[in-house]
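Read in order, the letters of the sequence shown are residues 1 to 401 in our numbering. Yeah, the Cβ is synthetic: ideal placement off N, Cα and C, and Gly gets one too.
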Amino acid sequence: MNSETTRVISAMRPNGRLHLGHLHGALHQWRKIQYQYECLFMVADIHGLINQYHINTNQESLITEMLIDWLATGIDPSQATIFIQSKIPEHFELLNLLGIITPLGWLERVPSYKEVIDKLDHTEASTYGLLGSPLLQASDILVYNAKLVLTNEDQMANLELTREIARRFNYLFGRDEGYQDKALDSIKKLGSKKAAIYENLLIRYQQNGDESALERAKYLLQDALNLSHGDRERLLAFLENKGKVYLPEPQRLINNSQLIVGLDGATMSVCAENTINIREDSASVTNKIRGMKTDPARIRRTDKGTPSKCPVWKLHQIYSKQEVCDWVEMGCLSAGIGCLDCKQPLIDEINHEQSIFIENAKPYEEDQTLVKRIISDGCSRAREIAADNLKLIKQAMNIDY
Ligand code: SF4
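Laid out in structure tokens, this is it:
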């Protein structure tokens, strides 16, 4: 794969101020991959609304703050295309087109949909937007022909759905005239028993994405000695729908970044209210870390502790040099240092990093037209790619009149 021309998409919802969890969970990797691939970084504002439509937030200012965080932490608009989902109408046109061919059951079985439905209280409606959210995600990816999607493990089911929808689209619209009739003739040559098995496996693979069905069908064709080479090749191609591929199936680019602990030791998240924000001032960072939970066994200064039971230690492992980590480990195990002593180098490191972000953000905070210009350029670029692809998709569907 030529990484220079491989298009990658990744997105973030503007649902609150970004914190160190976003920095270590996504932005560090975005910063790295923007030099390796053609990157599209999307503000997923409509996805943000789907989950929080009933909460009256100032979406525009959240988006601006988020973009300033991206820029301050090293996302470079000369390397990556930065854009806002709602500014690209092609996403929503493709959503409607894909809705025509997507079986309802595929959306109903998406685990994240079922989880959200289970958590809704009686005042909240189960909306069409919620059900269609994975389809919108598929459109976000497929409208750019993105080959890779940088995503976390919990989004794998949605990515798999995107792949299934792409496969189904190619199956329905990517074949030449007579392709199906010729394939049906070849199937008949398998004999009735094997033909029935082949058809069953074909449906399981193409409709449900069952990879084991694909492998079994390939074995079946290899064993069908009465088939000519041409028929076998045709049925292999038919199986994998090797007609014209309008929508390439995207692969996952594994997100190697780290989950980070919050002030209370749980994963850092806005909901848990245990965050240190990106661009937080030094007094606030200092107070928060000074108040962080530690190993509960260290009640008195003279009590020995165990670093692995302490969230402060987990942050040290991310932020501190090896010699500091060694000093913490020894000092904690022997009660040679107190917890406030231990926290100070961590406070210094985080504040140093924050000071860089704060400095980087200044030009954008002082003149927000800079941010607007970056977004405007990014949206124009994204729209160009999306419009070209949508044109081909509409051609495939015979609606390019
Ligand atoms: Fe945690 Fe450091 Fe205190 Fe040990 S000395 S419990 S690692 S804060």
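DSSP three-state assignment for threonine 162, whether helix, strand or coil: In the structure shown, threonine 162 sits in a helix (DSSP, three-state: H, G or I).
Tell whether a beta-carbon distance below 9 Å holds between isoleucine 84 and isoleucine 375. yes
For the stretch 125-176, which segments carrying the beta strand (DSSP E) assignment without a break, of at least 3 residues, lie completely within its bounds, in sequence order? Complete beta strand (DSSP E) runs here, min 3: 148-151.
Please confirm whether any heavy atom of the ligand SF4 lies closer than 8 Å to the CB of threonine 302. no
Tell me the DSSP secondary structure of asparagine 2 in three-state form. Bear in mind that a pLDDT of 47 at asparagine 2, under 50, signals an unreliable position, so the model cannot answer this.
Using the Cα positions of leucine 148 and serine 192, report the straight-line distance between them to the nearest angstrom. Take the alpha-carbon of leucine 148 and the one of serine 192: they are about 41 Å apart.
With H, G and I counted as helix, E and B as strand and the rest as coil, what does DSSP make of valine 110? coil
Have a look at Ile393, Asp377, Leu390 and Leu315 and flag the residue whose alpha-carbon is nearest the alpha-carbon of glutamine 79. The candidate whose alpha carbon is nearest that of glutamine 79 is Asp377.
Could you check the C-alpha separation between leucine 236 and phenylalanine 169 for me, to the nearest Å? 18 Å
Alpha-carbon to alpha-carbon, leucine 67 and proline 198: In the sequence as presented, proline is not what sits at residue 198; that position holds tyrosine. Rounded to whole angstroms, tyrosine 198 to leucine 67 spans 51 Å at the Cα level.
Go to valine 43, then tell me how far its beta strand (DSSP E) extends in each direction, as first and last residue. Its beta strand (DSSP E) spans residues 38-43.
Can serine 186 and leucine 214 be called in contact, C-beta distance under 9 Å? No. Outside cutoff.
Using a threshold of 9 Å, state whether the C-beta atoms of serine 257 and glutamine 29 are closer than that. yes
Leaving out five residues before and five after glycine 209 in sequence, what residues of the same chain have Cβ atoms less than 8 Å from its Cβ? Glu160, Arg163, Glu164 and Arg167
Which value, in whole angstroms, describes the spacing of the CA atoms of glutamine 206 and glycine 174? Counting only the Cα atoms, glycine 174 lies some 13 Å from glutamine 206.
Cβ pair leucine 190, leucine 239 closer than 9 Å: no
Just to confirm before moving on: does the CB-CB distance between leucine 20 and isoleucine 347 stay below 9 Å? Between leucine 20 and isoleucine 347, the CB-CB gap reaches or exceeds 9 Å.
Assign glutamate 38 to buried or exposed, taking buried as 16 or more other Cβ atoms, counted over all protein chains shown, within 10 Å of its Cβ. buried
List the endpoints of the continuous alpha helix (DSSP H) containing arginine 402. This structure does not reach residue 402, given that the chain is present from 1 up to 401, and the question cannot be answered.
Return the CA-CA distance between aspartate 300 and cysteine 339, expressed in angstroms with no decimal places. Looking at the sequence shown, residue 300 is not aspartate but arginine. If I take the Cα positions, the gap works out to 10 Å.
Asparagine 15 versus serine 133: straight-line alpha-carbon distance, rounded: 16 Å
Collapsed DSSP secondary structure at threonine 81 in the structure displayed: strand
Could you name the residues, in chain order, whose CB is less than 5 Å away from a heavy atom belonging to the ligand SF4? Thr294, Asp295, Arg298, Gly305, Pro307, Cys310, Val312, Trp313, Cys332, Cys339 and Cys342
Between the stretch 321-338 and the stretch 43-58, do three or more beta carbon pairs fall short of 8 Å? Between the stretch 321-338 and the stretch 43-58, the count of Cβ pairs shorter than 8 Å is below three; the stretches do not touch.
Indicate whether at least one CB of chain B lies closer than 9 Å to the CB of leucine 136. Structure shown: chain B not included; a single protein chain is present.
Whole angstroms is fine: what's the gap from leucine 27's alpha carbon to alanine 217's? Each residue's CA atom was taken as its position, placing leucine 27 and alanine 217 some 42 Å apart.
Which listed residue (Val43, Ala146, Gly74 and Lys309) has its alpha carbon closest to that of aspartate 264: Distance check between aspartate 264 and each of Val43, Ala146, Gly74 and Lys309 places Lys309 closest, using alpha-carbon atoms only.
Grab me the residues of asparagine 2's own chain with a C-beta within less than 7 Å of its C-beta, minus the 5 sequence neighbours each way, in chain order. Interpretation of asparagine 2 is limited by its pLDDT of 47, a score under 50 that renders its predicted location unreliable; no figure is taken from the coordinates.
Determine the DSSP secondary structure at alanine 12, reduced to helix, strand or coil. For the record, residue 12 in the displayed sequence is methionine; it is not alanine. Strand at methionine 12.
Among the residues of its own chain, which have a CB less than 8 Å from the CB of lysine 362, if the five just before and after it don't count? none
Range of the contiguous alpha helix (DSSP H) that encloses aspartate 231: 229-239
In whole angstroms, what is the alpha-carbon distance linking arginine 392 and tyrosine 246? Looking at the sequence provided, one finds leucine at residue 392 rather than arginine. Computed Cα separation, rounded: 7 Å.
Where arginine 7 falls: helix, strand or coil (DSSP): strand
Rounded separation between glutamine 354 and serine 282 - CA only: 8 Å
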